[in-house]
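Going by the working numbering, the first residue of the first sequence is number 2, and it counts up by one from there.
Written below as structure tokens is the structure these notes are about.
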Amino acid sequence: MSSGPRFRFAPSPTGFFHVGGARTALFNWALAKQAGGTFVLRIEDTDETRNRPEWTEGIIDALAWVGIRREDPTFEGPYFQSQYAAAHEAAAKRLFEAGAAYYCDLTSEQIQERAKATGASGYDGYSRDRGLGPAPGRVLRFRVPEGSSTVHDVVRGDVVFDHATLEDFVLLRGNGTPIFNLANVVDDIEMGITNVVRAEEHLPNTPKQQLLWQALGHEPPVWGHVPVLVNEQRKKLSKRRDKVAVEQYREEGILPEAMVNYLMTLGWSPPGDQEIVPWSAIERDFRLEDVNHSPAFFDVRKLAAFNGEYIRMLPLDEFIGLCQPFLRSPDVPWPPERYDPAKFAAMAAVVQSRATTLSAVPGVVDFLFLEEPEIDAEAWKQTMAAPESAQVLAEVTAAYAGLSSSDWRASVLKETLETIGEGHGLKKGKAQAPIRVAITGRTVGPPLFEALEVMGREEVVRRLTAARAM
RNA sequence: GCCCCCAUCGUCUAGUGGCCUAGGACACCACCCUUUCAAGGUGGCGGCACGGGUUCGAAUCCCGUUGGGGGUGCCA
């Protein structure tokens, strides 16, 4: 173990990796890095998830995607909560023997009845002094002392909890297995954790955990509770309603750098007037004490804007490389064998300035690789409604067909069309509309003449001719 | 019910008692550029939840109200 501070990140495997979890991991990672400490990954596995190693692999993959790599010396783990079962039991035993915890044989129904009868809420400490020993069906409860606990929280300051509002919470279930709070604290102690940075929803549990740390004879860690991420209804992001899996954003062609940068601006902002900043600057400047106190809305539109920025910052060849998986995906609308990387490369520059996600790229160049352009009926009707359209189409077809190979260049194609358009008193934008629809099937798309050049004379003339027959 | 947290443009934020006539970004709108669409440029719209204090002075400190969120299990 290194001597620096130890930050732990403790996700539970659920089959996907939550964007909120990614942000918390990133916060811990930045902090561990700048302190020369350690990022400890602990998987909070349960009976349910223990047999799904692919879920853990998914977490590790997703962490690597956002730049938290297990090869990095700062990274330690993964550890598994289930590995510490013996330590959980030993700690519980120690607490019982020291009188810090006691057994209780009341069922939840009985507890509810008593609460109703006394008018109190929750468990009233009925078995505190009954001297019960361990037995099947009996739960071990923590004896919450009188007084109060102060949680020193790096992001929120001191938070005081009156112990009177904490009931004697359960440590061990009736079947002897440990409850989250116990397992969590014991794991943290076992792993020498010094800093716990996690989501705000854990704050109300913190006094209980702090009490356990102390009862077990240890100094509690430095706490930091960061605000949760919410949806437009201001509710905690949930898998049911919201798009929360980082895997899904990755599939859509969100660049990891954009995701990381965006996530870090939720609850925190880099010093200076720039919010698009590289990780190196974030790692250097991030301060937990500067993190906001209020929940942040995860805004997909702003993420997309960040992603567009990052896409435009890419060197062209890198952009081309990153697009390949999307262009060769089985979901692509054209027959795979018709995909021509050279044609795409020729168009890439004009595509790059238009893309906000990589997954949208095939949709803007599809006409190049499709057997026939998919003509949008509405667009066609609209364009051909103009009286000159048919005439322009005819003239352009003839002119293009007569162009020599050496003249088949975007600049010449443009001039040719403009000249014909002027002959009909048309502006440039108007004149190219019928050609665009005939070639691409749509009224909007990447710059037309570049596309025509790439597509080649034969195919262009063929499509124009086919369109005239419509 | 009880406990805890939170409150600046629609959204993310800057702001730590005077530099605030509240700054930036996303979104939106307009204009410019332009072969469509983008990108880029310029401009615009838009906010300190409310009420009391404290202070010469409050977005900033205190109290209350309202509103939101979270927790309160033999879930994690």
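Ideal Cβ positions, reconstructed from N, Cα and C, are used throughout, including at glycine.
Everything numeric in this text was worked out from a predicted model, so none of it was measured.
TODO: Determine the DSSP secondary structure at S406, reduced to helix, strand or coil.
DONE: The answer is helix: DSSP assigns S406 an H, G or I state.
On the DSSP letters alone, give me the boundaries of the alpha helix (DSSP H) that T430 sits inside. Checking the displayed sequence, the identity of residue 430 turns out to be Gly instead of Thr. Counting along the chain, G430 sits inside the alpha helix (DSSP H) bounded by residues 429-441.
Subject >> Exposure of Q234, with buried meaning 16 or more beta-carbon neighbours within 10 Å >> reply: Q234 sits exposed, since fewer than 16 C-beta atoms from the chains shown fall within 10 Å of its C-beta.
Handout entry: According to DSSP, residues forming a beta bridge with P179
Key = Paired residues: L173.
DSSP on D163, reduced to helix/strand/coil? Looking at D163 - three-state DSSP - the assignment turns out to be strand.
- Query: Bridge partners of S239, per DSSP?
  - Reply: DSSP output for S239 lists no bridge partner at all.
Q: Give the straight-line distance between the Cα atoms of N232 and E201, rounded to the nearest whole angstrom.
A: Those two C-alpha atoms are separated by around 16 Å.
Proximity winner among N176, V161, I180, F162, relative to F170 (alpha-carbon distances):
Of the residues N176, V161, I180, F162, the one whose Cα lies closest to the Cα of F170 is I180.
Report task. Determine the contact status of V140 and G100, defining contact as a CB-CB distance below 8 Å. Result -> Not closer than 8 Å, so no.
Discussion item. Judging by CA-CA distance, which residue of W224, L167, G158 is the nearest neighbour of V186?
Written reply: For V186, the nearest C-alpha among the options comes from W224.
- Message: What does the Cβ neighbour count give for L173, buried or exposed, with the cut at 16 atoms within 10 Å?
- Response: Buried.
| The beta strand (DSSP E) with V227 in it runs from where to where? | Its beta strand (DSSP E) spans residues 223-227.
Item checked: E77, DSSP secondary structure in three states -> DSSP places E77 in the strand class (E or B) of the three-state scheme.
Query raised in the report: For R302, which three-state DSSP category applies?
Result: In this structure, R302 counts as helix in the three-state DSSP scheme.
(Q) Is the separation between the beta-carbon of A93 and that of L212 shorter than 8 Å? (A) In this structure, L212 does not lie closer than 8 Å to A93 by Cβ.
Problem - Assigned exposure category for E454 - 16 Cβ within 10 Å defines buried - result: A residue is called buried once 16 or more other Cβ atoms fall within 10 Å of its Cβ, and E454 is buried on that count.
### Query
Would the beta-carbon of F299 fall within 8 Å of that of L230?
Yes, these two residues count as a Cβ contact at 8 Å.
Given a cut-off of 8 Å, decide if V351 and V362 are closer than it, judged by their beta-carbon atoms. No, the Cβ-Cβ distance between V362 and V351 is not below 8 Å.
Please report the residue range of the beta strand (DSSP E) in which D154 lies. Start and end: 149-154.
Would you kindly work out how many angstroms separate the C-alpha atoms of P447 and L317, rounded to a whole number?
-> In a straight line, the C-alpha of P447 is about 16 Å away from that of L317.
Using the C-alpha atoms, what's the distance from Q325 back to A452? Approximately 19 Å between the Cα atoms of the pair.
*Give the secondary structure of G158 by DSSP, where H, G and I count as helix, E and B as strand, and everything else as coil.*
It is a strand residue.
Just verifying my parser: in three-state terms, what is the DSSP assignment at H19? H19 falls in the strand class under three-state DSSP.
### With 16 other Cβ atoms within 10 Å as the buried cut-off, status of T441
The residue in question, T441, is buried, as its Cβ has 16 or more Cβ neighbours within 10 Å.
Margin query: To the nearest angstrom, how far is the alpha carbon of R463 from that of A399?
Written below: Going by the C-alpha atoms only, they are around 11 Å apart.
**Asked** Taking the runs of the alpha helix (DSSP H) that are 4 residues or longer, which of them lie wholly in the stretch 364-397?
**Response** For the stretch 364-397, whole alpha helix (DSSP H) runs of length 4 or above, ordered along the chain, are 378-385.
Where in the stretch 39-101 do unbroken runs of the beta strand (DSSP E), each at least 3 residues long, occur, reported from the N-terminal end onward? Whole beta strand (DSSP E) segments, 3+ residues: 39-44, 76-81.
Grab the span of the alpha helix (DSSP H) containing V197 for me, first residue to last.
Element bounds for V197: not the alpha helix (DSSP H) but the beta strand (DSSP E), 196-200.
(Q) By DSSP's criteria, L465 is part of a beta bridge. Which residues make up the other side? (A) None; L465 has no bridge partner.
### Message
Tell me the DSSP secondary structure of F8 in three-state form.
### Response
F8 falls in the strand class under three-state DSSP.
Worksheet item: Is it the case that the Cβ atoms of L64 and A26 are separated by a distance below 8 Å?
Response: The Cβ atoms of L64 and A26 lie closer than 8 Å to each other.
Residue of L414, S412, L394 minimising C-alpha distance to A499
For the chain, the structure presents residues 2 to 471; residue 499 sits outside this window and is missing.
Three CB pairs or more closer than 8 Å across the stretch 379-389 and the stretch 420-439 = Because the criterion of three Cβ pairs below 8 Å is met, the stretch 379-389 and the stretch 420-439 touch.
Quick one: grab the DSSP three-state call for L317.
Helix at L317.
**OP:** Give me the Cα-Cα distance between S128 and D163, rounded to the nearest whole angstrom.
**Re:** About 21 Å.
From E253, W280, G5, pick the residue whose C-alpha is nearest to that of T39; which is it?
Its Cα nearest to that of T39, the residue G5 stands out among E253, W280, G5.
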